[in-house]
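Residue numbers 306 to 397, in our numbering, belong to the letters of the sequence shown in order.
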Amino acid sequence: MPDMSASLALTHLVPLAKEVDENKVTPGVLGFIVFAVMALAVWGLMKSMNRHMGKVDFKEDADADPKAPASGKATAGSTGSGPGGKASPAKG
306 MPDMSASLAL THLVPLAKEV DENKVTPGVL GFIVFAVMAL AVWGLMKSMN
356 RHMGKVDFKE DADADPKAPA SGKATAGSTG SGPGGKASPA KG
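Below, the structure written as structure tokens:
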């Protein structure tokens, strides 16, 4: 046996649905809340990025030779060796 409250609710909601303008669609409160949360998240990310970018040092040392190896231990005969002087496997 069908529920009488469901059929009663249907008879009251159908006329309300016809009153809604089909050409007018609005996001409502939920859309505003989602947009506000996304805006706050982007603001927080931008603030964090600015803080991290402020810590980056873009200046290069003047005494460092750009052609010299970083560790300073490598010699001309040690090309192809990995860290610690161990030979690394060939790639390719």
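Built from N, CA and C at the ideal position, the CB exists for glycine as well.
Query	Result
Where residue 363 sits in the DSSP three-state scheme	coil
C-alpha gap between residue 328 and residue 335, whole angstroms	20 Å
Residue 360 versus residue 345: straight-line alpha-carbon distance, rounded	23 Å
Residue 330 - DSSP class collapsed to helix/strand/coil	coil
Residue 352 in three-state terms, based on DSSP	helix
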